[in-house]
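Just so you know, the protein sequences line up as chains Y and W, in that order.
So that you can map any letter, position 275 of the first sequence is 316 in our numbering, and since no number is skipped, the others follow by simple counting.
So that you can map any letter, position 187 of the second sequence is 228 in our numbering, and since no number is skipped, the others follow by simple counting.
Ideal Cβ placement from N, Cα and C applies to all residues, glycine included.
On a predicted model such as this, the values are computed, not experimentally measured, just so you know.
2 protein chains.
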Amino acid sequence: MSRIEPRTLKGFRDYLPETMIPRERLMETARRVYRSYGFSPIDTPALEYLEILSGKGSDETDKQLYHFRDHGDRAVGMRFDLTVPLARFTAQYQQQLAFPFKRYHIAPVWRGENTQAGRYREFVQCDFDTIGTLSMAADIETALVIDDLFRAIGIEAFTIRINNRRVLNGVLERHGLAEKSTAVLRAIDKLGKIGPAGVATELANTADCTAAQADTVLQLAQLEGDNDAVLMKLETIVSGNATGESGVAQLREVLAGVAAAGVPAGRLKLDVSIARGLDYYTGTIYETFLDSLPGIGSVCSGGRYDNLAEMFTSQHLPGIGASLGLDRLLAALEKLELLPKISTPAPVFIPYFDAQRLGDYLRLAKRVRAAGYGAEVYPDPKKLGQQLKYADKRGFTVALVAGEQEFAAGTVQVKDLRSGSAQTVTLQPGNELETVLQTLLEPRTA
Amino acid sequence: MSRIEPRTLKGFRDYLPETMIPRERLMETARRVYRSYGFSPIDTPALEYLEILSGKGSDETDKQLYHFRDHGDRAVGMRFDLTVPLARFTAQYQQQLAFPFKRYHIAPVWRGENTQAGRYREFVQCDFDTIGTLSMAADIETALVIDDLFRAIGIEAFTIRINNRRVLNGVLERHGLAEKSTAVLRAIDKLGKIGPAGVATELANTADCTAAQADTVLQLAQLEGDNDAVLMKLETIVSGNATGESGVAQLREVLAGVAAAGVPAGRLKLDVSIARGLDYYTGTIYETFLDSLPGIGSVCSGGRYDNLAEMFTSQHLPGIGASLGLDRLLAALEKLELLPKISTPAPVFIPYFDAQRLGDYLRLAKRVRAAGYGAEVYPDPKKLGQQLKYADKRGFTVALVAGEQEFAAGTVQVKDLRSGSAQTVTLQPGNELETVLQTLLEPRTA
Numbered sequence: 042m043s044r045i046e047p048r049t050l051k052g053f054r055d056y057l058p059e060t061m062i063p064r065e066r067l068m069e070t071a072r073r074v075y076r077s078y079g080f081s082p083i084d085t086p087a088l089e090y091l092e093i094l095s096g097k098g099s100d101e102t103d104k105q106l107y108h109f110r111d112h113g114d115r116a117v118g119m120r121f122d123l124t125v126p127l128a129r130f131t132a133q134y135q136q137q138l139a140f141p142f143k144r145y146h147i148a149p150v151w152r153g154e155n156t157q158a159g160r161y162r163e164f165v166q167c168d169f170d171t172i173g174t175l176s177m178a179a180d181i182e183t184a185l186v187i188d189d190l191f192r193a194i195g196i197e198a199f200t201i202r203i204n205n206r207r208v209l210n211g212v213l214e215r216h217g218l219a220e221k222s223t224a225v226l227r228a229i230d231k232l233g234k235i236g237p238a239g240v241a242t243e244l245a246n247t248a249d250c251t252a253a254q255a256d257t258v259l260q261l262a263q264l265e266g267d268n269d270a271v272l273m274k275l276e277t278i279v280s281g282n283a284t285g286e287s288g289v290a291q292l293r294e295v296l297a298g299v300a301a302a303g304v305p306a307g308r309l310k311l312d313v314s315i316a317r318g319l320d321y322y323t324g325t326i327y328e329t330f331l332d333s334l335p336g337i338g339s340v341c342s343g344g345r346y347d348n349l350a351e352m353f354t355s356q357h358l359p360g361i362g363a364s365l366g367l368d369r370l371l372a373a374l375e376k377l378e379l380l381p382k383i384s385t386p387a388p389v390f391i392p393y394f395d396a397q398r399l400g401d402y403l404r405l406a407k408r409v410r411a412a413g414y415g416a417e418v419y420p421d422p423k424k425l426g427q428q429l430k431y432a433d434k435r436g437f438t439v440a441l442v443a444g445e446q447e448f449a450a451g452t453v454q455v456k457d458l459r460s461g462s463a464q465t466v467t468l469q470p471g472n473e474l475e476t477v478l479q480t481l482l483e484p485r486t487a
Numbered sequence: 042m043s044r045i046e047p048r049t050l051k052g053f054r055d056y057l058p059e060t061m062i063p064r065e066r067l068m069e070t071a072r073r074v075y076r077s078y079g080f081s082p083i084d085t086p087a088l089e090y091l092e093i094l095s096g097k098g099s100d101e102t103d104k105q106l107y108h109f110r111d112h113g114d115r116a117v118g119m120r121f122d123l124t125v126p127l128a129r130f131t132a133q134y135q136q137q138l139a140f141p142f143k144r145y146h147i148a149p150v151w152r153g154e155n156t157q158a159g160r161y162r163e164f165v166q167c168d169f170d171t172i173g174t175l176s177m178a179a180d181i182e183t184a185l186v187i188d189d190l191f192r193a194i195g196i197e198a199f200t201i202r203i204n205n206r207r208v209l210n211g212v213l214e215r216h217g218l219a220e221k222s223t224a225v226l227r228a229i230d231k232l233g234k235i236g237p238a239g240v241a242t243e244l245a246n247t248a249d250c251t252a253a254q255a256d257t258v259l260q261l262a263q264l265e266g267d268n269d270a271v272l273m274k275l276e277t278i279v280s281g282n283a284t285g286e287s288g289v290a291q292l293r294e295v296l297a298g299v300a301a302a303g304v305p306a307g308r309l310k311l312d313v314s315i316a317r318g319l320d321y322y323t324g325t326i327y328e329t330f331l332d333s334l335p336g337i338g339s340v341c342s343g344g345r346y347d348n349l350a351e352m353f354t355s356q357h358l359p360g361i362g363a364s365l366g367l368d369r370l371l372a373a374l375e376k377l378e379l380l381p382k383i384s385t386p387a388p389v390f391i392p393y394f395d396a397q398r399l400g401d402y403l404r405l406a407k408r409v410r411a412a413g414y415g416a417e418v419y420p421d422p423k424k425l426g427q428q429l430k431y432a433d434k435r436g437f438t439v440a441l442v443a444g445e446q447e448f449a450a451g452t453v454q455v456k457d458l459r460s461g462s463a464q465t466v467t468l469q470p471g472n473e474l475e476t477v478l479q480t481l482l483e484p485r486t487a
């Protein structure tokens, strides 16, 4: 038989248990937090009519689109993000949906990216959005969700950086740069990477800025100080420009609202240099950085937009949303050694020791599961040493060993696989086994 | 602006909140049950090299494959099931994986099916498999997982039908039909749909059976009685044929093992007519039917195979697995009115009543979430009636209403949105609010 070499396409990845277990946990945490704020899950097809997808992102996403003709000779494409499908979805079902429409969507997207930059061609997005309200309450809530999400993941040291596009736009209007805002925003976004001199050069080259204009933009982007101090400086800068003034007022309202909701001071940091290159943001902008690993970039970003679905409907749909950067966060957690190394989601291992006793092992496993802990029974009555070697490779926490002697006595040996220590526990009525497991295992980890 | 009509491709579906919420719950239940037996999650790319996918299913799946040339001019295809990717995966990482390798995989697959039969071109598979053991303990465990899964979903009236390919193959061998087994198995699979006369015709036409051969096959497929009676009849039928005898012995072992593990008698039903058309099954076969809706077909099916990955590796990899039919089960639950109609995963609604009190509402929501219940704050301080209309459309269970008067008194009105009754509850220290919510809501539904 001629065999086929088992391999994956360039830019695509398999997830083995040890990477998929924490990945799945993160997604479940995100779902739980999103749901707790009343966001509902939706799903949309991986494939869409090409006309739905093309021309909706940037020139770059158009180039990266996976597209082809299907069995019915339709031009189709694989979604490159979850925002365009959301726009199409919201337009299509606007009569059925209740607004404000709060949805989350956790699903893979595909981009034929250049893989040299460590980018992947398939990745999961974890988006949540509130559509159909102009109220700053939604902007405030977006920050609360991000705050809850990272704390639920087990991270305490992180900073949510906030800005408002209107402040930037107001300054650009005032200095005759309104038409060049895209190029200016892209340049500002690089401040952290290429420094003020680099941004000045880029402003001159790509946005045709004069030296004075570049100077104004840079001064704005480099404003520093605590939130109140920056707000006061911004107020002076935008004074008399309606766009800029409304932006500062919105920033004040969001910062005050987040504080009133009980988020500790310092969690939100006003940062005028955050622009987010995407054209469609129009108000509040968020980026989230891990304090111990800011260099990895934002791990949760988003912002407010004026009109989600103008390509698909005349209905005006403003909203705000953000997206958890799952892969980047997982890479960060690994670097910070915050990812536990386990390749089994069930902590309890039950060797199949006495070949005649399979039923007893299966019932023992059932009892462990009823107590809330996952349990795996080895399927072959091999030598105990061989089975324990497997348990070690898989990373179980506890083994329940029972042979003829234990069965005769109605007991089981509970072996802590981390320390190697063991104790004999009765299986007779009472909860001795459950109590011992509770002391050895995280509660309800199944 | 010329607008694009928002629409989905034929054969593809959007999932709105009211369908996605129960769908996501089912998937989470499946994950929890799979994990509790030590199955680990994995994921693989949606796109594979075309040579990995083509020729691995049936002629039909080849025809249905979505395939195209990617940006690098590689011939690629979208996976049509999770078994071929599992075979490729297991072959590729065999040095890293611990065997038995127990994995689950819940992910979408794509087939350019004829949509007339109510079939979809994108659907989610929920597979679990145990690879690398010949022990019947794995076959027994597969039935235990199915049993736990349906009970965890909240279904008690279901039957797992079991058969063993070796029994069928033994009979076919004995009657000179071994070479025609695929055609014979496909015909038997239709017994429920087209009846004995139809199967006899098909056996004659597609499998070239003589009348006597067709009669033998039909007699076998129509064996009836309780498990012990059928086992005894089978023993007589296969007596002297090694393949058939080993099949009956395996059936005995699995039925006894499942009973010993505490599964109630009657849950497993030996059914010799279950053949499952797929060529690659070689031993135990399972199908699962809802007792009140058997006509919808099997909602969880699978079986044992001799060699998972022979196209990709010389390593011999026997195993057994099964797959939950998510969409079929959801359709059944809807028909049986077992699906709750809710379009919000958060049961508690907090109207934004007093425009000056947003911070108070946000802190109240935080307190409700800390008690384990999802809570949604309406983002705009509109008229209360309008907000409660929204709450009604979304399907919240409880509203917490507070205006100037309540804030002054340190109370909140707890409104049961199902009955319309309301009570005033203090927000002062103590757990009065939490206690009242507990009586009104399912515990920990967030």
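Cβ shell of Y/E243 (< 6 Å), same chain only, five flanking positions each side left out
A228
Kindly provide the ranges of any beta strand (DSSP E) runs that are 3 or more residues long and lie completely inside the stretch 450 to 482 of chain W, ordered along the chain.
452 to 457 and 463 to 467
For the pair the stretch 412 to 432 of chain W and the stretch 186 to 204 of chain Y, tell me if three or more CB-CB distances fall below 8 Å.
no
Local Cβ density within 10 Å of Y/H357, reported as buried at 16 or more and exposed below that
exposed
Using a Cβ cut-off of 8 Å, pull out every chain W residue sitting near Y/P86, in sequence order please.
T49, L50, F53, R54, D55 and E163
Check the Cβ-Cβ distances between Y/F169 and every residue of chain W, and say whether any is below 7 Å.
no
Closer than 7 Å, CB to CB, is Y/P82 near chain W or not?
yes
In terms of alpha-carbon separation, which member of Y/Q136, Y/D111 and Y/Y145 lies closest to Y/F80?
Y/Y145
Which residues of chain Y have a Cβ atom closer than 8 Å to the Cβ of W/G415, listed in chain order?
R76, S77, Y78 and G79
Given a cut-off of 7 Å, decide if W/K434 and Y/A139 are closer than it, judged by their beta-carbon atoms.
yes
Taking 7 Å as the threshold (beta carbon to beta carbon), is W/T284 in contact with chain Y?
no
Are the Cβ atoms of W/S77 and Y/R410 separated by less than 7 Å?
yes
In this structure, how does DSSP classify W/I172 when only helix, strand and coil are distinguished?
strand
Could you give the distance in angstroms between the alpha-carbon of Y/K430 and the alpha-carbon of Y/V389?
14 Å
Whole angstroms is fine: what's the gap from Y/A71's alpha carbon to Y/G307's?
23 Å
Run the CB neighbour count on Y/S364, radius 10 Å, all protein chains shown included, and call it buried at 16 or more, exposed below.
buried
Top-ranked residue by Cα proximity to W/E475, from W/A412, W/Q428, W/P58 and W/D401:
W/A412
Going along chain W in order, which residues have a C-beta closer than 7 Å to the C-beta of Y/S176?
P420 and D421
For a contact meaning CB atoms closer than 9 Å, what does W/S403 contact in chain Y?
Looking at the sequence itself, residue 403 of chain W is Leu, so the reference to Ser does not match. Chain Y residues near W/L403: A178, I181, E182, L185, G298, V299, A301, A302 and G303.
Using 10 angstroms around the beta-carbon of Y/T102, count the other beta-carbons present and answer buried if the total reaches 16, otherwise exposed.
buried
What does the Cβ neighbour count give for Y/V417, buried or exposed, with the cut at 16 atoms within 10 Å?
Sequence inspection shows Glu at residue 417 of chain Y; the Val mentioned does not correspond to that position. The residue is buried, with at least 16 neighbouring Cβ atoms inside 10 Å.
In the structure shown, what three-state DSSP assignment does W/L311 receive?
strand
Partner residues on chain W for Y/G98, Cβ-Cβ distance less than 9 Å:
Simply none; closest approach about 14 Å.
Status (buried if at least 16 other CB within 10 Å, exposed otherwise) for Y/P305
exposed
Please identify, using Cβ separations under 7 Å, the residues of the stretch 419 to 450 of chain Y that lie next to chain W, in order along the chain.
P420, D421, Y431, K434 and R435
Measuring CB atoms only, is the stretch 284 to 292 of chain W touching the stretch 205 to 223 of chain W, in the sense that at least three cross pairs come out at less than 8 Å?
yes
What would DSSP say about Y/I201, mapped onto helix, strand or coil?
strand
Is it the case that the Cβ atoms of W/L380 and W/P63 are separated by a distance below 7 Å?
yes
Given this structure, state the Cα-to-Cα distance separating W/E473 from W/L441, to the nearest angstrom.
13 Å
Confirm, please, whether the CB-CB distance from Y/M61 to W/D84 is below 7 Å.
yes
Is W/F448 near the ligand ZN - that is, is its Cβ less than 6 Å away from at least one heavy atom of it?
Absent from the structure shown: the ligand ZN. Ligands present: none.
Can you list the residues of chain Y that W/H357 reaches, using a CB-CB cut of under 8 Å?
Simply none; closest approach about 13 Å.
Nearest-angstrom Cα separation, counted from Y/A179 out to Y/L106
32 Å
Mind checking if Y/L379 is an interface residue toward chain W, Cβ cutoff 7 Å exclusive?
no
Using 7 Å as the limit for Cβ to Cβ distance, is Y/P470 near chain W?
no
Could you tell me whether the Cβ of W/L458 comes closer than 7 Å to any Cβ of chain Y?
no
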